[in-house]
Amino acid sequence: MFNKLRIGKKGENIIFGTFVLLYIGWCVNSPDMNIESLKSVLTIGLSVGIIYGLVALGISLIYTGLDVVNFSHGEFFMIGAFAGLTMFNLLGNQDWIFNLFPDAYGWIIYVVCLFTAFVSMGLFGVFIERVFLRPLTKKGGGYTVAGMGIIICGFGLSVVLINVAYLIWNPVAKPFPAELGLPMEIGGLFLPVTYIWMIVVGLSVAAGLWFFLNKTKMGLGIRAVAYSKDVSNLVGINVPLYISIIFGIACAIAGIGGTLVGPTYQVVVFMGYIILMKAFAAAVVGGFGNLPGAIVGGFTVGIFETASSFYISGSHKDLYAFLLMIVVLMIKPTGFFGVQVKMKA
Amino acid sequence: MLKIDQLISGYGSVQILNGANMKAEKQSIVALLGGNGTGKSTILRAASGLIRSWKGTIEFNGEQIQNLPAHEIVGRGLVQVTQGKDVFPAMSVTENLKLGGFILKSKQQLSDNLEKVYNYFPRLNERKDQLAATLSGGELQMLCIGRGLMSNPKMIMLDEPSAALAPQIVLDIFKNINRIRQDGLTVLVVEQNVRMALLLADYGYVIKDGVINVEGDSKKLMYDESVKESYLGGTKANV
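If you read the sequences in order, they're chains A and B. 27 is the number of the first residue of the first sequence in my numbering; add one for each residue after it. 56 is the number of the first residue of the second sequence in my numbering; add one for each residue after it.
Here is the structure:
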């Protein structure tokens, strides 16, 4: 019976297009619709979206490389934010930086914080992978076979990491007062500089990852490991090491995402959970396991969420990402850039 | 070159090899024959480090290599070419070949080896910018063998190079295997195509139930009754 209901790729696109048009019509009909609000919706949507995209990128990278979904990824995002904040508090009251660079100390400190988050989360990710996830593959078969155990372990890790963070930093939301300068005027819109930082740094991280994967020897090895562990082993790639590297890179990117969000919102122990869920929605919307798809999915979820809370109802802000995910799964189950499993590298 | 002594191994708790012995002399072609599920591929997987050897030794170039990590075995010059055209379909032919030379340190050596492989298989040179997914079965097999040759191996082990290929292409590939041997490599061929494999090889082993059943000069094995028996499941049939 269900075979008769199956629609082809063209049909999927037509139905999805209809949904998009309906949605746009709904938004245009809203009383708040004008060019000013549209501008701010787009900028906020893009800046939030790139954060979802970065976390989704990590989830997709781990999924391609290790064949498991990492449900503790939001916690790496949260600890990354705390790592950046800790560095900021260390450097923030050092006079010599201020004396050395009186004009630019704010963003120099911020860049150091981003770098700290990147490196420390990378190392932390490798540590977690080696100590907590790798032993689960002892029985043989690697991550592909041990998959379900590792997914459950991810949930457990998430709880443990939240509670460890709770012990260290306590549950009070902390401000991240990076001094990045006054809001800038772009196209008649006054934007906080942090939004621009988010978009610029986020896109450069994504571009850097693309370059790393496609143009370097190590990237070639990572793509090979993502496709087949056995064949990669047989061409002389140290597969266990590369799996650690993949996990580390994914966590490092999540850490940068956390530090990018910090100055705009606040740094709090429970920030990882909702980001994980929304990044998951972004990854599904873009096509699970597809890296450019993760970024596009992040932007889509970000803009959809912001536009909906502006024009439809602001009181259900966290709902829209999952609504979009459900609609995409119903109409276009592969996501925007659906990949065949065989071609995922 | 390669010496396998009383090898016992398997998957999980299922024992497949029950003490296999075999040897490959330098610059020779050795054929390993046997029906389905007799342990041919398991010997190769144990030798190249993809599965653990439970007991017994594998000696390569005078050093024991059993239970070394697979990438270190590749580094020592023992390379397995997997069964079933296992290439990276989303990468171009050149990228696939470059992956084969992953352990090489210098760029110069990589391009030299690339040249060498294109020399063996001119067909790959014509297709070098195509995605590997678009190649034909014969070209995929050439790509697999070429990828194995990229890392300057001393010995390569081929797992069923003739599987699912047209006879003309099988002949072409076997000619190339002979050329590879003449250039100084040792070759171990696992085959189900008994006649072709024995024509090519100097020495043959027939494996049955995880032990080497018959061995001998390939000319002699060609007319051996027990070889036929191994392939027809123990009962003598009138062929």
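Virtual Cβ for every residue (Gly too), placed ideally from N, Cα, C.
**Prompt:** For chain A, is any of its Cβ atoms less than 8 angstroms away from the one on residue 167(B)?
**Reply:** no
**Prompt:** Is any beta-carbon of chain A found at less than 8 angstroms from that of residue 176(B)?
**Reply:** no
**Request:** Could you tell me if residue 135(B) is buried or exposed, where buried requires 16 or more neighbouring beta carbons within 10 angstroms of its beta carbon?
**Result:** buried
**Endpoints, alpha helix (DSSP H) assigned at residue 260(A)** = 255-260
**Message:** Helix, strand or coil for residue 146(B)? Go by DSSP, reduced to three states.
**Reply:** coil
**Request:** Measure the C-alpha to C-alpha separation of residue 69(B) and residue 169(A) and round it to an integer number of angstroms.
**Result:** 21 angstroms
**Message:** Suppose contacts are defined by Cβ-Cβ distances below 8 angstroms. Is residue 40(B) in contact with residue 155(B) by that definition?
**Reply:** Because chain B spans 56 through 294 in this model, residue 40(B) falls outside it and cannot be assessed.
**Message:** For residue 137(A) and residue 197(B), what's the separation of their Cα atoms in angstroms?
**Reply:** 49 angstroms
**Prompt:** When the cut-off is 8 angstroms and only beta carbons count, does residue 354(A) lie next to chain B?
**Reply:** no
**Request:** Say whether chain A places a C-beta atom closer than 8 angstroms to the C-beta of residue 131(B).
**Result:** no
**Minimum length 4: unbroken alpha helix (DSSP H) runs contained in the stretch 159-215 of chain B** = 162-175, 177-181, 192-204
**Item:** Buried versus exposed, by CB contacts within 10 Å (16 or more), residue 122(A)
**Value:** exposed
**Asked** Between 260(B), 95(B), 157(B), 257(B), which lies nearest to residue 251(A) when the distance is taken from Cα to Cα?
**Response** 157(B)
**Item:** Minimum Cβ-Cβ distance from residue 154(B) to chain A less than 8 angstroms
**Value:** yes
**Prompt:** List, in order along the chain, the chain A residues whose C-beta lies closer than 9 angstroms to that of residue 68(B)?
**Reply:** Result: empty, since nearest Cβ-Cβ is about 10 angstroms, beyond 9 angstroms.
**Message:** In the DSSP output, what is residue 129(B) paired with across the bridge?
**Reply:** Partner(s): none; residue 129(B) has no beta bridge.
**Asked** By Cβ distance, which residues of its chain are closer than 8 angstroms to residue 117(A), with the 5 residues on each side in sequence left out?
**Response** 123, 135, 138, 139
**Prompt:** Taking C-alpha atoms, which residue in 205(A), 339(A), 285(A), 222(A) lies nearest to residue 129(A)?
**Reply:** 205(A)
**Item:** Rounded separation between residue 45(A) and residue 77(A) - CA only
**Value:** 25 angstroms
**Prompt:** In its own chain, which residues sit with a C-beta less than 7 angstroms from the C-beta of residue 378(A), not counting the 5 before and 5 after it?
**Reply:** A question about residue 378(A) goes unanswered here, because the residues of chain A that appear run from 27 up to 371.
**Message:** Quick check on the DSSP output: the beta strand (DSSP E) that includes residue 18(B) runs from which residue to which?
**Reply:** An answer regarding residue 18(B) cannot be provided, because it is not within the stretch 56 to 294 covered by chain B.
**Asked** Going by Cα to Cα distance, which pick from 299(A), 172(A), 157(A) is closest to residue 163(A)?
**Response** 172(A)
**Asked** Applying the criterion that 16 or more other CB atoms from any shown protein chain within 10 Å of the CB defines a buried residue, is residue 342(A) buried or exposed?
**Response** exposed
**Request:** If I'm right that residue 169(B) touches residue 186(B) with Cβ under 8 angstroms, what's the distance once you round it to whole angstroms?
**Result:** Not really, about 18 angstroms apart at Cβ, beyond 8 angstroms.
**Asked** Roughly how far, in whole angstroms, is the beta-carbon of residue 259(B) from the beta-carbon of residue 101(B), given that I think they are within contact range, below 8 angstroms?
**Response** Incorrect: roughly 20 angstroms between the Cβ atoms, too far for contact.
**Request:** Consult DSSP for residue 230(A) and reduce its assignment to one of helix, strand or coil.
**Result:** helix
**Request:** Would you identify the three-state DSSP class for residue 290(B), choosing helix, strand or coil?
**Result:** Caution applies to residue 290(B), whose pLDDT of 48 falls short of 50 and renders its modelled position unreliable; the value that the coordinates give is listed next. Of the three classes helix, strand and coil, the one that applies to residue 290(B) here is coil, per DSSP.
**Request:** Look at the alpha carbon of residue 211(A) and the alpha carbon of residue 294(A), and state the distance between them as a whole number of angstroms.
**Result:** 30 angstroms
**Request:** Output the distance between the C-alpha atoms of residue 91(B) and residue 231(A), rounded to the nearest integer angstrom.
**Result:** 50 angstroms
**Message:** The beta strand (DSSP E) that contains residue 57(B), what's its start and end?
**Reply:** 57-66
**Cβ pair residue 59(B), residue 113(B) closer than 8 angstroms** = yes
**Asked** Going by alpha carbons, who is nearest to residue 240(B) out of 184(B), 215(B), 116(B)?
**Response** 116(B)
**Message:** For chain B, check one thing: does any of its Cβ atoms lie closer than 8 angstroms to the Cβ of residue 172(A)?
**Reply:** no
**Asked** Looking at the structure shown, is residue 247(B) part of a helix, part of a strand, or coil, going by DSSP?
**Response** coil
**Asked** By how many angstroms is the C-alpha of residue 79(A) removed from the C-alpha of residue 265(A)?
**Response** 27 angstroms
**Message:** Checking 8 angstroms against the spacing of the C-beta atoms, do residue 99(A) and residue 302(A) come in under that value?
**Reply:** yes
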